[in-house]
Structure formats: structure tokens, C-alpha cells
Amino acid sequence: MNQAPLALFNGSYLGNKPTGIGVVARDLVAALDPQLVAFLDPLGGSRLGSISIPSNLNPGFGSKGHIRRLIWTQRQLPLLMKTSGAQFLISPLPEAPLMSGVRSVVFAHDLLPLRYPQLSPLLAYHLLYVPLVLHSSMKVLCNSEATAQEVHHRLGIPIRKLVTIPLGFNQDKLQPLGLDRKPFFLVLGRHDPHKNLAKILDAISLLNDKELQVWFVGPQDKRYTPKLKQRAEKLKISKRCRWISWVSDEERLRLLNSCQALVIASLWEGFGLPALEAMACHTPVIASSGGALPEVVGNAAIIVDPLNPHSIADAMRMIISDITLRIKLIDYGIKRLKMYTWNNSAKIVESVLSEL
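If you read the sequence shown in my numbering, its first letter stands for residue 13, the second for the next number, and so on.
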């Protein structure tokens, strides 16, 4: 008779083209002990002890996928917990069954939708459902001290329930390739307002070198992307901008290895995983002072004022012109990375489960 797992890891958010939380779910579960944690797998992988679940619950299916996932979480997930015999549920985002007796451990990556609320069908989800999940969970895993403090102060989650758990990066897929650096800066992520892409456009327009470009790689949004492209046209830098909705892991690795620097000029980040990915590729990072970014990058990045395009542009000029600085940032980044591995993250999760 097979022994019941200690916990189930909810992989319902994971799709074929993972970004953000999807990447965290994929890479963290791979580092967890399969004897302790069984994976609710929507992709039909071969992980030991995985349990198949529907594959149409992720953000790739838009609002329908989101609604299906929430209904599945409330109705089907408690049944899976019961039949598996697992004591706990681990969720890579603040989603869990309510009023079902399920004992959950959930991740809180940031509270951006509460910090920067937008009128959308998801507003009630962020204002009502997410706080309920966080309050009802046994532990809340926060990816930075900045996130933990915000969860505590904004939502009143007791400090005793909060555990800071630095994330990791995929060391097998992210490494230096020795490619020639090309004249472009790389920006990774969605086109949400808090990503502050407009100020990056303003910064590029301030650079005299017209050969320098900025490549925006991430899901586009019909609410925001057209306005960003219009801004580029108004600044007369349209030809210096590339907009790419999604790239494979292989292409992402190539871009990280061939750009001048990664630019994260967000108004706020709960962690900033792309910064680690850039460091792993020996690529300099230009990071905002917002949120957890200074906490994550330490002295391995140029910290800029996200509200000041001149601050961002000055950092870009320094990266281009100062080879000594580039080498120093790369060296600091290599040392910094030792703090961030999925194995370390997995050990913290397993320790939390054992204590519970």
C-alpha cells in the first residue's frame, strides 16, 4: 500500500507557456521531495507520484481559465485532498479552498493589485478572495521581506503566519553562453502599469546613440500596449523598440546573453525573478528602488529612481561606457546567486510542512 503524501502541490496555474508564477510553480515543485509532496499536474509530466488534473485552468485560457480554476479549486480540490490522504495543500499563489477544512500553505508574491487597483472583473478576486485565503491559511510564504511586511501591514496577517522564502532560478537552463553583446536593453514582463515601461521609453529617447534599442518581451495587453507604442511614436523611437509577446526558454536564454543589460524599472516588485536570471547569464542589471528589488540584487545592480527617466538613462550610459563597472556588477551577481536556489526554497517549504 502506497504511503499518502504529506502535501499536494497545486499546479493548476501552470500552462504550456509559463511566466511569473507559472515558472515558480514548475521549478519549485521539481526541487521538492516527491515522497513528501505530490504534484497536481495539468501537463501530464512524468514526475514521480504526480496526479493528473485538467489542463484548461491556467491564464493562457484568459478569464474563462481563471473562472474554471477558481471553481475547480473550491469543488474538486477538496475531493483530491481527501482521496490522496494528504494533510496539507501547497499553492504557488494565494488560492485555496475555503470553508472545506483543507489546511493550506500558500505563496504571496506581492499585493500589486491592491497597491495599484484597476477596474476589472478580477478586482473582487483581489479585494475579497485573496485576503480570505491568506487569513485562512496556516502559513503564508512570502518571497521577500518587503512582501511579508506589506502582507502584514496592508492585510493584517499575523507575523507568526509569515515565512520569508527567497526564490531560485533554473541553473540548468540559465548560464553564460559567451555571445557577443548587441546594442539593445532587455525588458521582461507583462505590460502592466506598475512595470513602468513608459519611463523606460522616455529614457531610451534621452540616449544620443540612435543605434541603441529596447526589446520588450512579455505578454501584451490591449489596455496598455497600444498606448506604449503610441508613446514610442511620439518620442520618435518606434524603430528602436521591439515588442515580443513570448519567447521559448532557449530564446530567453539567448536574449539574456546578448543584451547590454536587463532593465527592471518597476514601481514595485515583490521579488524580481528576472534579475536572478540575468545574473546567471553574467548580464548586468539596472533595477528600480521599488519594493524588494534592492533587497534581492544587493550591490549586484545599478539602482535607479523609477520615476526619473534621466536616472534610468544615466544607468544605461554607464553600462555602455564603463567596462570596469560591468565586470564588477557581473562578479557581484555571481556571488549573489548563491543565496537563491530552488533547492534552498524547497528545504524551507519542507521545513514548514514538518513543523506544521
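Note that the Cβ used here is the ideal one computed from N, Cα and C, for glycine as well.
For this session: For R87, count neighbouring C-beta atoms within 10 Å of its own C-beta (all shown protein chains included) and say buried if the count is 16 or more, exposed if not.
Result: It counts as exposed.
For this session: Could you pull out every residue in the same chain whose Cβ sits closer than 8 Å to the Cβ of I63, ignoring the five residues on either side in sequence?
Result: Correct list, in chain order: L20, A50, F51, L52, D53, L92 and S96.
Problem set entry | Chain-order list of residues whose beta-carbon lies under 6 Å from that of S67 (same chain, five-residue window excluded) | Within its own chain, the residues whose Cβ lies closer than 6 Å to the Cβ of S67, once the five positions on either side in sequence are excluded, are P54, listed in chain order.
For this session: Check each candidate in S75, W255 and A299 and name the one with the smallest Cα separation from V9.
Result: Residue 9 cannot be examined here, being either before or after the span of the chain that is shown, 13 to 368.
Exercise. With distances taken between CB atoms, is the gap from L240 to L209 smaller than 7 Å?
Worked result: Yes.
For this session: Would you kindly work out how many angstroms separate the C-alpha atoms of V2 and Q15, rounded to a whole number?
Result: This structure cannot settle anything about residue 2, because the visible part of the chain is limited to 13 through 368.
Exercise. Which residues in the same chain as L26 place their Cβ atom closer than 7 Å to its Cβ, once the five residues preceding and following it in sequence are excluded?
Worked result: Cβ within range, chain order: G34, A37, R38, P54, L55 and N70.
Exercise. Three-state secondary structure (DSSP) at S24?
Worked result: In the structure shown, S24 sits in coil (DSSP, three-state: anything other than H, G, I, E or B).
Problem set entry | Selected residue, minimal CA-CA separation from G168, among T176, T31 and L146 | Comparing Cα positions, the closest option is L146.
Problem set entry | Where the alpha helix (DSSP H) through R38 begins and ends | Where R38 is concerned, the enclosing alpha helix (DSSP H) stretches over I33 to A43.
Exercise. My guess is that L200 and P286 are in contact by the Cβ rule of under 8 Å, so how many angstroms apart are they, rounded?
Worked result: Indeed they touch by this definition, with Cβ atoms about 4 Å apart.
For this session: Could you round the C-beta distance between A273 and P296 to whole angstroms and report it? I think they count as a contact, below 8 Å.
Result: Indeed they touch by this definition, with Cβ atoms about 4 Å apart.
Exercise. When the distance is taken between beta carbons, is G345 closer than 7 Å to A312?
Worked result: Yes, they are a contact pair.
Exercise. Of the residues H78, S257, L349 and T159, which one's Cα is nearest the Cα of K29?
Worked result: It is S257.
Exercise. Between the C-alpha atoms of L124 and H206, what's the straight-line distance to the nearest angstrom?
Worked result: The alpha-carbon of L124 is positioned some 8 Å away from that of H206.
Problem set entry | Distance CB(G284)-CB(H121) smaller than 7 Å | With respect to the 7 Å criterion, G284 and H121 are not classified as neighbours on the basis of their beta carbons.
Exercise. Using a Cβ-Cβ cut-off of 8 Å (strictly less than) and excluding sequence neighbours within five positions of P231, which residues of its own chain qualify?
Worked result: Sequence-distant Cβ neighbours of P231 in its own chain, meaning closer than 8 Å and more than five residues away, are T31, R202, H203, S257 and W258.
For this session: Report, in whole angstroms, the separation of the C-beta atoms of Q225 and F196, which I expect to be a contact under 8 Å.
Result: Confirmed, about 4 Å.
Problem set entry | Burial state of I331, where buried means 16 or more other Cβ atoms lie within 10 Å | By the neighbour-count rule (16 or more Cβ atoms within 10 Å), I331 is buried.
For this session: Report back the beta-carbon spacing between R115 and Q99 to the nearest angstrom; my notes put them in contact at under 8 Å.
Result: With a beta-carbon spacing of about 7 Å, R115 and Q99 fall inside the 8 Å limit used to define contacts.
Exercise. Between the beta-carbon of I177 and the beta-carbon of L139, is there less than 7 Å?
Worked result: In this structure, L139 does not lie closer than 7 Å to I177 by Cβ.
Problem set entry | DSSP three-state assignment for L337, whether helix, strand or coil | When secondary structure is reduced to three states using DSSP, L337 falls in the helix class.
Problem set entry | Buried versus exposed, by CB contacts within 10 Å (16 or more), H322 | Note on H322: under 16 other CB atoms within 10 angstroms of its CB, so exposed under the neighbour-count rule.
Exercise. Rounded to a whole number of angstroms, what is the C-alpha to C-alpha distance between W84 and V142?
Worked result: In this model, W84 and V142 are separated by some 16 Å (Cα to Cα).
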